[in-house]
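Numbering of the sequence shown is given in this note's numbering, commencing with residue 6 and proceeding in unit increments.
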Amino acid sequence: MWLVRGKRVLVQFFVLQAPCERATSDVILPMQDPYMTQITDGRKNYEFRKYCLKPSVKRIWFYRTAPQSSITYVCETKPARTRKPGDRPLDEDGLGNAEFNSKHKDWDGYDFAYEMVTVYELKQPITLKEMKDKHGFKSAPRGLVYLPRSISAIVNWKQQKLLINRRKQFSEA
Numbered sequence: 006m007w008l009v010r011g012k013r014v015l016v017q018f019f020v021l022q023a024p025c026e027r028a029t030s031d032v033i034l035p036m037q038d039p040y041m042t043q044i045t046d047g048r049k050n051y052e053f054r055k056y057c058l059k060p061s062v063k064r065i066w067f068y069r070t071a072p073q074s075s076i077t078y079v080c081e082t083k084p085a086r087t088r089k090p091g092d093r094p095l096d097e098d099g100l101g102n103a104e105f106n107s108k109h110k111d112w113d114g115y116d117f118a119y120e121m122v123t124v125y126e127l128k129q130p131i132t133l134k135e136m137k138d139k140h141g142f143k144s145a146p147r148g149l150v151y152l153p154r155s156i157s158a159i160v161n162w163k164q165q166k167l168l169i170n171r172r173k174q175f176s177e178a
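Here it is in structure tokens:
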């Protein structure tokens, strides 16, 4: 309360938060456990989506839905593979790859395939509570969300536990 001309005046201050800065190289995708397990055990080497991620996206951070409710994995990825006429088909060495190539009716609309080049497990998962308290989330991710820079500033993805590495190893002749 302030006194103005002998009268008490209630003054309220509002703190405006700047929009949470987001990294355009990293996205968060929600994932249910059965599908996450297929990625982490290597059976599934592509993530299929109905939309194209920006070419700047280099990593996908996976938010495991309830009951885990936390970001637990990060995968390096490449630009989307598509199934347009003339595009090279995916190697059929992972779950869903053959269906993607053959345009199986159950895969209608899933026109973008993202290779999981590496799979890292976060040593310390980022819980939903932490996402809300420290990183500006109002609720659990229900779709694609760009990773807040506050997360990339404290979690070095390269220092996490490497589970799968599909990088092509080149030998110098």
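For every residue, glycine included, the Cβ atom is placed at its ideal position computed from N, Cα and C.
Spell out the partners DSSP gives F142 in its beta bridges. On the sequence shown, position 137 is the one that residue 142 refers to. The partner list for F142 (beta bridge, DSSP) is empty, contrary to what the question assumes.
Pick helix, strand or coil for L133, following the three-state DSSP scheme. To locate residue 133, count along the sequence shown from 1; it is residue 128. If DSSP states are grouped into helix, strand and coil, L133 belongs with the helices.
Out of H140, R172, V150, R171, point me to the one whose CA is closest to I159's CA. Counting from one through the sequence shown, the residue named residue 159 turns up at place 154. Closest by alpha carbon: H140.
S74 Cβ short of 7 Å to the ligand MN heavy atom set: This structure lacks the ligand MN, and indeed carries no ligand of any kind.
D38, enclosing alpha helix (DSSP H) - first and last residue: The residue labelled residue 38 in the question sits at position 33 within the sequence shown. Residues 38–45.
Count the C-beta pairs between the region 62–73 and the region 88–105 that are closer than 8 Å, then say yes if the count reaches three, no if not. no
Could you tell me which residues DSSP puts in a beta bridge with A2? Residue 2 lies beyond the stretch modelled for the chain, which goes from 6 to 178, so this question has no answer here.
Which residue comes first and which comes last in the alpha helix (DSSP H) that contains N106? In the sequence shown, counting from the first residue as 1, residue 106 sits at position 101. First-last of the alpha helix (DSSP H) with N106: 102–107.
Compute the Euclidean distance between the alpha carbons of E97 and K163, then round it to the nearest angstrom. Within the sequence shown, residue 97 is the residue found at index 92, counting from 1. Within the sequence shown, residue 163 is the residue found at index 158, counting from 1. Answer to the nearest angstrom: the Cα atoms are 28 Å apart.
Select from E26, K55, L100, S107 the residue whose C-alpha is nearest the C-alpha of P39. Translated into the one-based positions of the sequence shown, residue 39 becomes position 34. Answer by Cα proximity: L100.
Close Cβ partners of L168 (< 7 Å) along its chain, the five nearest in sequence each way excluded: Along the sequence shown, one-based indexing puts residue 168 at 163. Cβ within range, chain order: T45, V124, Y125, E126.
Could you tell me the alpha carbon to alpha carbon distance between C80 and C57, rounded to whole angstroms? In the sequence shown, residue 80 corresponds to position 75, counting from 1. In the sequence shown, residue 57 corresponds to position 52, counting from 1. Rounded to whole angstroms, the gap between the alpha carbons of C80 and C57 is 17 Å.
Which residues in the same chain as R147 place their Cβ atom closer than 8 Å to its Cβ, once the five residues preceding and following it in sequence are excluded? In the sequence shown, the residue the question calls residue 147 occupies position 142. Cβ within range, chain order: P35.
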